[in-house]
Amino acid sequence: MKVWINDRWNTVDGTKNAAWGKGSRWRAVWIDPTKAGKGETSKSFAKKADAEAYRAKMEDSLRAGTYRAPELANKNFAAAADAWFSGKKKPTGSSLKRYRDALDVWVLPKWGTRKLSTIEKTEIDEWVTALADGSAPHAEDRTVHGGGLSPNGITAVWVPFRAAVANALHLGWITGDPCVGVELPKTPHKEIDTLTHTEVKALADAAHKVADNRSDALMVELMAYAGLRPGEVVALQVKHVALTERRIQIRRTLTIDAAGKEIFGPPKHGERRDVPIAPHILDALVALTAGRAATAPLVTSTLGKSVNVHNWRSRVWTAAVAGSGLDGRGLTPKSLRHTAASRAIEAGADVKVIQRMLGHADATLTLNTYGHLWPDRLDEVAGAVSAAREKALSQESS
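Reading the sequence shown from the start, the letters are residues 294 to 691 in my numbering.
Here it is as C-alpha cells:
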C-alpha cells in the first residue's frame, strides 16, 4: 500500500497556492485499509523530514499487516473496558457486579489511562505479582487487608482484564495480545471436608436450638442431603415442594443484580432442576407446608419472614457449628453441599445423578470436584470381563 507526501503550500509546478503559510506544510497521505470506500487518510507535519519518517513507518505497518487507524492507536484501556462491559448480554447480574467491581477496584486504577498499544507483557507479569503481594494500586476507597489477593481473587480480577484486551484485539484496536503467556498463581489443592450423618444431625439439632426454629434445622438438612445452595433454600416457596413425587423443584435462587441489590433470579447456570426428598426430611416438609399459601417462603425466620442468608450465616450457622462441637474445621454452608455429594456417592450415585442433583452445568465440574470419591473399581471391572469371557467360551464349547 503506497503512502505519499503532499506539499500543502505549493502547487505541482512550485508556485504558492491559497494555503501557503497556513498550518503544517507537509502531509503524509494513504488509503486506510480499515475504511474501505472512505477515501484518503492523512497526517500533517511542519517538517518534511518528519513527514518522510512517518511515511516510512506507515508503509512498514501496512506491509506487515500491523496497521491501525490513527484514532484507534490512541485508544486507552478504559475505553476497551467500557466497550467490552457494555457488550455483555449473557452474564447474570451477580457476574456483572463482580466484573464491575474488579474493573473499578483493581484494573482501572492500574491500566485505565494507558494506551492499549503501549501495554507490554512484562508489565502485566509485574502487575500480577503485585496483586499477590499487596502492592498493586487499587481504588482509594477500598481497604485491602492482608498480603494481597489469593489465587482465586487474582483470577477474578484477571477475567475482565483479559476479556477487555481480547475484545480490543478483535475490534482492531491493537495488533497483538500482551496477555499471551502471562501465568497466574495456581490455586492450592484443598481437601474437601465433609460431615458424617451423625455430625449433620448434631449440626441440625444445634441450629434448631439457636432460636427454637425448625426452619433453621431444615436449612441444614436440605443443604446436606439435597445439595442445595443457601440461596436456593431461601428462595424455595411452598409450591416448590412436591410431596407426592418426593421432589423439591429448584426454580430460582437468591442472587444480586448488576447494582448489587438482592433479588430472586434463575438458578445458577440457568438450570432448573428437581432434587429428591430424603425420606427422613419428609415429615418436616409436610409440617412446614401444611395449610400455607403456595407462594409463601418454605423456610422462615422466627418472625415468619423470608430468611436473610447473610444474617442466617452469622446468627445461626456460626452458633450451630460451635454448639455441635464442629468448630475449628473451617466449615461453611458449602461444606454441606460437599457432604450431600459425598454421601450420595457412598450410596452408589453415578456422575450424572450427582450432576443433576447439584445443578452443575456439565459433568466435567462434577468429576473435577468429586471424582476422587468414587471407588476404584478397576479390579472389579477386570474380573467381571474375565468372568463374562469364561462364560461365553464355555457356552460355545458345550
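All C-beta atoms in this analysis are idealised placements derived from N, C-alpha and C, irrespective of residue type, glycine included.
Item                                                                                                                                               : Value
State buried or exposed for Ala630, treating a residue as buried only when at least 16 other CB atoms are found within 10 Å of its CB.             : The residue you asked about is not Ala; residue 630 is Arg in the sequence shown. So Arg630 ends up on the buried side.
Alpha carbon to alpha carbon, how far is Asn310 from Lys368? Give it in angstroms, no decimals.                                                    : 36 Å
Of all the options Ile556, Ala571, Val531, which has the alpha carbon lying nearest to the alpha carbon of Gly584?                                 : Val531
With 8 Å as the threshold, decide whether the Cβ of Ser354 is near any Cβ in chain D.                                                              : Looking at the structure shown, chain D is missing, and only one protein chain is on hand.
Look at the alpha carbon of Arg455 and the alpha carbon of Asp434, and state the distance between them as a whole number of angstroms.             : 24 Å
Just confirm the distance between the C-beta atoms of Ile447 and Ala425, as a whole number of angstroms; I'd bet it's less than 8 Å.               : 6 Å
Report the three-state DSSP secondary structure of Val614 (helix, strand or coil).                                                                 : helix
Report the start-end ranges of each alpha helix (DSSP H) in the segment 472-539 that is 4 residues or longer and not cut off at the edges.         : 490-504, 507-519, 523-528
Could you check which residue in Asp306, Asp486, Leu365 has the C-alpha nearest to that of Leu619?                                                 : Asp486
Which full runs of the alpha helix (DSSP H) of 4+ residues lie inside the segment 634-684, going along the chain?                                  : 644-651, 656-663
Kindly indicate which three-state DSSP category Glu433 falls into: helix, strand or coil?                                                          : coil
By the three-class DSSP mapping on this structure, what secondary structure does Pro590 have?                                                      : strand
In terms of residues, what are the limits of the alpha helix (DSSP H) holding Ala349?                                                              : 341-357
Quick one: Cα of Asp576 to Cα of Arg539, how far?                                                                                                  : 11 Å
Work out the CA separation of Ala449 and Asp397 for me, nearest whole Å.                                                                           : 13 Å
Which residues in the same chain have their Cβ closer than 6 Å to the Cβ of Leu488, if we skip the five residues on either side of it in sequence? : Thr632
For Val473, count the other beta carbons within 10 Å of its own beta carbon; 16 or more makes it buried, fewer makes it exposed. Which is it?      : exposed
Using DSSP bridges, identify the partner residues of Arg318.                                                                                       : Beta-bridge pairing links Arg318 to no other residue.
Closest to Ala376 by C-alpha separation, out of Ile324, Ile298, Leu464, would be which residue?                                                    : Leu464
Quick check: the segment 510-523 against the segment 584-604, are at least 3 beta-carbon pairs closer than 8 Å?                                    : yes
Do Ser599 and Val527 count as a contact pair if the criterion is CB distance below 8 Å?                                                            : yes
Excluding sequence positions up to five away, which residues of its chain have a Cβ less than 7 Å from the Cβ of Ala634?                           : Gly520, Ile647, Leu651, Tyr663
Looking only at C-alpha atoms, which of Gly597, Arg608, Arg393, Val568 sits nearest to Leu581?                                                     : Gly597
Specify, as a first and last residue, the run of the beta strand (DSSP E) that Asp300 falls within.                                                : 296-300
Is the beta carbon of Leu578 sitting closer than 8 Å to the one on Leu547?                                                                         : no
Per DSSP, which residues does Glu364 bridge with? Please list them.                                                                                : Glu364 pairs with nothing; no bridge assigned.
Return helix, strand or coil for Trp323, following the three-state DSSP convention.                                                                : strand
Can you tell me which of the three DSSP states Gly597 falls into?                                                                                  : coil
When DSSP labels each residue in this structure, what does Gly558 get in the three-state scheme?                                                   : strand
Does DSSP put Asp567 in a helix, a strand or coil?                                                                                                 : strand
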